[in-house]
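Asks:
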Amino acid sequence: IAGITQAPTSQILAAGRRMTLRCTQDMRHNAMYWYRQDLGLGLRLIHYSNTAGTTGKGEVPDGYSVSRANTDDFPLTLASAVPSQTSVYFCASSDLGVDTGELFFGEGSRLTVL
Amino acid sequence: GQNIDQPTEMTATEGAIVQINCTYQTSGFNGLFWYQQHAGEAPTFLSYNVLDGLEEKGRFSSFLSRSKGYSYLLLKELQMKDSASYLCAVRDRDYKLSFGAGTTVTVRA
Numbered sequence: 001i002a003g004i005t006q007a008p009t010s011q012i013l014a015a016g017r018r019m020t021l022r023c024t025q026d027m028r029h030n031a032m033y034w035y036r037q038d039l040g041l042g043l044r045l046i047h048y049s050n051t052a053g054t055t056g057k058g059e060v061p062d063g064y065s066v067s068r069a070n071t072d073d074f075p076l077t078l079a080s081a082v083p084s085q086t087s088v089y090f091c092a093s094s095d096l097g098v099d100t101g102e103l104f105f106g107e108g109s110r111l112t113v114l
Numbered sequence: 001g002q003n004i005d006q007p008t009e010m011t012a013t014e015g016a017i018v019q020i021n022c023t024y025q026t027s028g029f030n031g032l033f034w035y036q037q038h039a040g041e042a043p044t045f046l047s048y049n050v051l052d053g054l055e056e057k058g059r060f061s062s063f064l065s066r067s068k069g070y071s072y073l074l075l076k077e078l079q080m081k082d083s084a085s086y087l088c089a090v091r092d093r094d095y096k097l098s099f100g101a102g103t104t105v106t107v108r109a
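Listed in order, the protein sequences are those of chains A and B. With the numbering used here, letter number 106 in the first sequence gets 106, and the count goes up by one each step, no holes. With the numbering used here, letter number 104 in the second sequence gets 104, and the count goes up by one each step, no holes.
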């Protein structure tokens, strides 16, 4: 089934550890995004990529890095996790070449930093 | 950047109509989206407006006024399964999508 796959689904992590959240899409979408969702704050954009080889910063990029080596994969790395990074992380993709270019979301990765 | 406001919660009765308002301020408007998100699930696309006016899609309609920075999502003939959070989102010219905090709609029997 075509779509976006995120891994892991859930993770508990000690503060100071490095963590990479994986995201893969098989829809050949050119754009990909990482959001975090916290209660009362909604979805906030961390980083995005409009095409393979390019990335950009969103609203809350500090403490996170991304890479876009190819069309399908867009991993998000926390270099040294802190408790404030406890959140649900959603990866999304879109085809910017179509009229609406709506985002398609993965199922989310729930991260707890202790 | 974007500044997007929508009510936190709304309650309505099964079979009724509910209108969720969204106001926004943006430095470069390039489309407005509505998403539905059930608890514990990913958001799913509902509607898209880029020109002023009403877009109708079955029981759901969305309206946009660019000059007023205003949109609404209209849900008709409410069903219990419509209980969810509804997210208003604005896209800028760099194709970044910014979301409001969401409106939780509770449908009561």
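Note that CB positions come from ideal geometry on N, CA and C, so glycine has one too. If you're wondering where the values come from, they're calculated on a predicted model, not measured in any experiment.
Give the secondary structure of Gln85 of chain A by DSSP, where H, G and I count as helix, E and B as strand, and everything else as coil.
Replies: Helix, per DSSP.
Asks: Using a Cβ-Cβ cut-off of less than 9 Å, list which residues of the stretch 59 to 80 of chain A approach chain B; keep chain order.
Replies: Those residues of the stretch 59 to 80 of chain A that come within reach of chain B (Cβ to Cβ, closer than 9 Å) are Glu59.
Asks: Please identify the residue among A:Asp62, A:Phe104, A:Thr54 and A:Phe90 whose C-alpha is closest to the C-alpha of Ala69 of chain A.
Replies: Residue A:Thr54 is the option with its Cα nearest to Ala69 of chain A.
Asks: Using a Cβ cut-off of 8 Å, which residues of the stretch 18 to 45 of chain A contact any Cβ in chain B, in chain order?
Replies: Listed by position along the chain: Ala31, Tyr33, Tyr35, Gly40, Leu41, Gly42, Leu43, Arg44 and Leu45.
Asks: Mark Asn3 of chain B as exposed unless 16 or more other C-beta atoms lie within 10 angstroms of its C-beta, in which case mark it buried.
Replies: So Asn3 of chain B counts as exposed.
Asks: With a threshold of 7 Å between beta-carbons, can Leu96 of chain A be considered close to chain B, or not?
Replies: Chain B, which has a Cβ nearer than 7 Å to the Cβ of Leu96 of chain A, makes this yes.
Asks: Suppose only complete runs of 3+ residues qualify. What are the beta strand (DSSP E) ranges in the stretch 11 to 63 of chain B, listed by chain order?
Replies: Whole beta strand (DSSP E) segments, 3+ residues: 18 to 26, 32 to 37, 44 to 49 and 53 to 57.
Asks: Shortest alpha-carbon distance to Arg110 of chain A belongs to which of A:Gly97, A:Leu96 and A:Gln85?
Replies: Checking every option, the nearest Cα to that of Arg110 of chain A belongs to A:Gln85.
Asks: Please classify Lys68 of chain B: does DSSP put it in a helix, a strand, or coil?
Replies: Reduced to three states, the DSSP call for Lys68 of chain B is coil.
Asks: To which residues does DSSP link Ser47 of chain A through a beta bridge?
Replies: Looking at the sequence shown, residue 47 of chain A is not Ser but His. Its beta-bridge partners are A:Trp34 and A:Lys57.
Asks: Quick one, are the C-beta atoms of Pro7 of chain B and Thr103 of chain B less than 7 Å apart?
Replies: Yes, Cβ-Cβ distance for Pro7 of chain B and Thr103 of chain B is below 7 Å.
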